[in-house]
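Note sheet for the following structure.
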Amino acid sequence: MDIVAGILLQDWARTGLNRADFVRPSNYELYLEAPFNRVEYYPIGVRPSSDLYPLIGNWLGRLILPQGDERISPRFVWMEIYHAPPAHQSLVGRTVMVQWDSDPEVQAYGQLVTMDVHFAERVQVSKRQGVVHLDRINY
93 MDIVAGILLQ DWARTGLNRA DFVRPSNYEL YLEAPFNRVE YYPIGVRPSS
143 DLYPLIGNWL GRLILPQGDE RISPRFVWME IYHAPPAHQS LVGRTVMVQW
193 DSDPEVQAYG QLVTMDVHFA ERVQVSKRQG VVHLDRINY
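Under our numbering, the residues of the sequence shown are numbered 93 to 231, in order.
What follows is the structure, given as structure tokens:
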């Protein structure tokens with residue numbers, strides 16, 4: 093009976109069983125085990141051949157959502173710069189703060205393309221089955 097109660101209450105100490113023997117890693121945890129799936133695997137100084145990887149804009153980088161305590165006004169994201177125009181080469185390899193322009197036209201456009209995201213209960217069930225979902229956008 094203690095085993096059943098412990099499992100239902102998610103109290104593994106009560107069951108006397110080893111949790112690792114029964115819980116499989118999520119797809120995301122498996123994904124992170126491969127080093128080539130992590131940003132630090134790719135050095136910033138190395139750029140792919142322009143024949144194989146043509147740039148489609150002047151700026152290339154990785155957007156990083158701010159941590160909870162960093163979410164203040166004005167709204168922003170971090171951007172790790174991988175490629176920049178010649179006049180801004182000093183930013184390559186750095187992480188900079190990026191925010192919307194205060195121009196009213198840009199602000200209006202931002203409102204048009206902005207919406208709240210709230211995950212349905214189906215997503216929570218799916219997560220428990222090991223499917224990866226972007227938890228950071230669920231608020």
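Ideal Cβ positions, reconstructed from N, Cα and C, are used throughout, including at glycine.
Beta carbon of residue i, beta carbon of residue j: below 9 Å?
{"i": "V188", "j": "M171", "result": "yes"}
{"i": "V217", "j": "N119", "result": "no"}
{"i": "V169", "j": "L155", "result": "yes"}
{"i": "I173", "j": "G153", "result": "yes"}
{"i": "H175", "j": "L147", "result": "yes"}
{"i": "R111", "j": "A97", "result": "no"}
{"i": "I99", "j": "G108", "result": "no"}
Quick check on the burial criterion: 16 or more other C-beta atoms within 10 angstroms. Buried or exposed for residue i?
{"i": "G185", "result": "exposed"}
So, under 8 Å CB-CB, residue i and residue j are touching, yes? Tell me the CB distance rounded to an integer number of Å.
{"i": "V209", "j": "I229", "result": "5 Å"}
{"i": "R127", "j": "Y134", "result": "According to the sequence as given, residue 127 is Pro; it is not Arg. That pair is no contact at about 10 Å."}
{"i": "R130", "j": "L122", "result": "The pair is not a contact, with the Cβ atoms about 13 Å apart (cut-off 8 Å)."}
Shortest alpha-carbon distance to residue i belongs to which of the options?
{"i": "R116", "options": "I148, Y231, K219, D227", "result": "K219"}
{"i": "Q199", "options": "Q181, R167, P178", "result": "R167"}
{"i": "P178", "options": "R130, A97, Y133, N150", "result": "N150"}
{"i": "P158", "options": "A112, E132, Q191", "result": "Q191"}
{"i": "F211", "options": "Q221, D193, Y231, L109", "result": "Y231"}
{"i": "F114", "options": "Q221, P127, Y201", "result": "Q221"}
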